[in-house]
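Residue numbers (numbering that gives the first Met the number 0): 0 to 129.
Here the structure is laid out as structure tokens; the discussion comes afterwards.
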Amino acid sequence: MADQEASNPSALIDARIAELGDWRGEALAKVRGLIHQTIPDVVETWKWRGVPVWEKDGILCTGESYKSAIKLTFAKGATLDDPARLFNASLDGNVRRAIDIHEGDAIDDAAFMALIQAAAELNAAKPRRR
């Protein structure tokens, strides 16, 4: 991988989507688009040896890819209202919550965008630690 590409998280996310090449890449691309539609100035980062991360005043969510799922982990998900009950993983933790997307799962665009918006508002409302 070229040095320029390695220092560009958006290019790394593009490459991950292309590398997946199946429904997982399509799902990751779809949620990425919804995140950008909801928070146009979202910052894409690449952490923990290959995990796409979307940030706005702190981490909103991560997008891990596994053999049978795309896992979207919300850093402060336990604090967010989830009336559509999108969170279906990591439900027993005190801080994080996740959405596991499996092949054939439909994504409720409006409910997902509402969670992203709520996560951004929560990050903006709380002072960041230094």
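All C-beta atoms, glycine included, are put in the ideal place defined by N, C-alpha and C.
The structure displayed is predicted, hence computed values, not measured ones.
**Asked** Would you call the CB atoms of A123 and D80 closer than 8 Å?
**Response** no
**Member of S67, K46 and S89 whose CA lies at the smallest distance from the CA of T61** = Checked all of S67, K46 and S89; the closest Cα to T61 is K46.
**Asked** What do you get for V52, buried or exposed, if any count of 16 or more other CB atoms within 10 angstroms of its CB means buried?
**Response** buried
**Asked** From which residue to which residue does the beta strand (DSSP E) around P51 run?
**Response** V50 to E54
**Request:** With a threshold of 16 other CB atoms inside 10 Å of the CB of L71, please say whether the residue is buried or exposed.
**Result:** Per the 10 Å Cβ criterion, buried.
**Request:** Check the C-beta distance from N93 over to A77 and give it rounded, since I have them as a contact under 8 Å.
**Result:** 6 Å
**Request:** Would you mind sorting W67 into buried or exposed? The rule is 16 or more other CB atoms within 10 Å of its CB.
**Result:** In the sequence as presented, Trp is not what sits at residue 67; that position holds Ser. Flag for S67 reads exposed.
**Asked** By Cβ distance below 8 Å, which residues in the same chain neighbour H101 in space, the five residues on each side in sequence not counted?
**Response** S67 and A68
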